[in-house]
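Protein chains: 2
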Amino acid sequence: MSRAATTSDSFNAVAEPRRRDILEFLAPAERPVGAIVDALGLAQPSVSKHLRVLLDVGLVEVRRDGRQAFYRTNAEAIKPVHEWTSRFERYWRRQLTRVKERAERAERESERSDKTTTYRRKP
Amino acid sequence: MSRAATTSDSFNAVAEPRRRDILEFLAPAERPVGAIVDALGLAQPSVSKHLRVLLDVGLVEVRRDGRQAFYRTNAEAIKPVHEWTSRFERYWRRQLTRVKERAERAERESERSDKTTTYRRKP
DNA sequence: TTGACATATTCCCATATGGGCATATAGTTG
DNA sequence: CAACTATATGCCCATATGGGAATATGTCAA
């Protein structure tokens, strides 16, 4: 079935670096498409397409005035992502604690070796 | 150039619903691959592939013991995503305020019509 | 060594982009 | 109406998946 459509949810829409840039740019105040093009140095069609995706998932809103289209970030649509990541807050806090304890322990006991090892890619 | 590789960053890795499920499942404690397969009802090869992606971006860690591989969520790798979304917190708070004010105003003044309209897709 | 068990890889395929470029749509102005 | 401006779409193409099935790799037990 291939990949899920970016059009379906905020998580996918936000996975695109350029779209994140656009969202940041449009968060303080609404801007016409041309301003985004100038500010981010992207091609106009490209910006329109990204805006289309963002609009489809509700991450931005538009206000048309004459031949211009003023877009603006709809911050509320980012909340779901924020909330999802928040569920892990307790865990990374806990991990930090563990790391600290481990460091202090290592400082006390000079040396030792574990039977099992924990790997992490791309160190 | 096509789409950015999911392998490159947490944002893309987390865009996959199944991978989010896996991360949640592995957050409380490490689990062997088989446990994930059973718990989420996914095919074993599929799980291995998702774990591979998560491992590449550092979202999980492995501890090998015999023929089993115990995976565990590395919550800290989710922080960047959390922090990025946090930058919009002030905006959605502000928006909520605006919405509330608008509602109260509407309650007072019976009717009125705006010159410009704000659209949102897929209402 | 052989066979069972736990994971990881590889192949193949259908689908979804994202970028570049050209063109279609409006809305504006002379 | 014609020329111009601001955006939106359509096309084509290279690339990255994700799932399913089959197979490879590694480990343990008899």
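Just so you know, the protein sequences line up as chains B and C, in that order.
For the first sequence, the working numbering gives the first residue as 1, with consecutive numbering after it.
For the second sequence, the working numbering gives the first residue as 1001, with consecutive numbering after it.
Beta carbons are placed, not taken as given, at the ideal position from N, Cα and C, and that holds for glycine.
Query	Result
Between which two residues does the alpha helix (DSSP H) harbouring Phe177 (chain B) extend?	Nothing can be reported for residue 177 (chain B): it is not among the residues displayed for chain B, which extend from 1 to 123.
Tell me the residue span of the alpha helix (DSSP H) that contains Ala1039 (chain C).	1033 to 1040
Let's see if you can read the secondary structure: which residues bound the alpha helix (DSSP H) around Phe1070 (chain C)?	Counting along the chain, Phe1070 (chain C) falls outside any alpha helix (DSSP H), though it belongs to the beta strand (DSSP E) covering 1068 to 1073.
Where Gln1095 (chain C) and Phe25 (chain B) are concerned, what is the direct C-alpha to C-alpha distance, given to the nearest angstrom?	16 Å
Go through its chain and collect everything with a Cβ distance to Ala1069 (chain C)'s Cβ below 7 Å, but skip five positions before and after it.	Pro1032, Val1033, Val1062
Identify, in the order they occur along the chain, each residue of the same chain with its Cβ nearer than 8 Å to the Cβ of Val47 (chain B), setting aside the five sequence neighbours on each side.	Ile22, Val33, Ile36, Val37, Leu40
Would Leu1054 (chain C) pass as a contact of Ala1013 (chain C) if the rule is Cβ separation under 8 Å?	yes
Taking DSSP as the reference, what is the three-state secondary structure of Glu61 (chain B)?	strand
If the criterion is Cβ atoms closer than 8 Å, does the pair Ala15 (chain B) and Phe1088 (chain C) meet it?	no
So, Ala1103 (chain C) versus Ser1010 (chain C), is the Cβ gap smaller than 8 Å?	no
Is the CB of Ile36 (chain B) under 8 Å away from at least one CB in chain C?	no
What number of angstroms, rounded off, separates the C-alpha of Lys100 (chain B) from the C-alpha of Ala106 (chain B)?	10 Å
Do you know whose CA, among C:Gln1044, C:Arg1090, C:Arg1098, C:His1050, lies nearest Thr1073 (chain C)'s CA?	C:His1050
Any beta carbon of chain C sitting closer than 8 Å to that of Glu107 (chain B)?	no
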